[in-house]
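J.:
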Amino acid sequence: MKDNHKKSKKNSSAADSSADNVDEYLQTLGNEEARERRYYSQEQPFSADEMTRLVNEERLNVLLAQSDAFLSSLNGELRDFDDEY
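The sequence shown runs 1 to 85 under full-length UniProt numbering.
What follows is the structure, encoded as structure tokens:
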């Protein structure tokens, strides 16, 4: 019986927390300064060491190569389009 009470109390706390967050968000909607403060407070600066640890350099290089190839292809298509019209 005590376990159910603990679970219900825990769920209630989570619901209160969510409701508080929603209420806080709604209050900031009309206030540009408060909205910016809320947005920037969620940013977390990373040190160079953390970025090195977090970023998969090999995968990043593959993605950059793919994006370069895509942009080159798109550029060619746009040139062809300009030539046709």
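Every residue, glycine too, gets a C-beta built ideally from N, C-alpha and C. Keep in mind it's a predicted model, so treat the numbers as computed, not measured.
What's the gap between the Cα of L78 and the Cα of S72?
T.: Cα to Cα, L78 sits roughly 10 Å from S72.
J.: In terms of residue numbering, what span does the alpha helix (DSSP H) encompassing F81 cover?
T.: From DSSP, the alpha helix (DSSP H) with F81 extends over 57-84.
J.: Let me know the secondary structure DSSP gives S18 once reduced to three states.
T.: Looking at S18 - three-state DSSP - the assignment turns out to be helix.
J.: Measure the C-alpha to C-alpha separation of F70 and D20 and round it to an integer number of angstroms.
T.: Distance between the alpha carbons of F70 and D20: 45 Å.
J.: Please report how far the alpha carbon of L64 lies from the alpha carbon of R53, in whole angstroms.
T.: Rounded to whole angstroms, L64 to R53 spans 19 Å at the Cα level.
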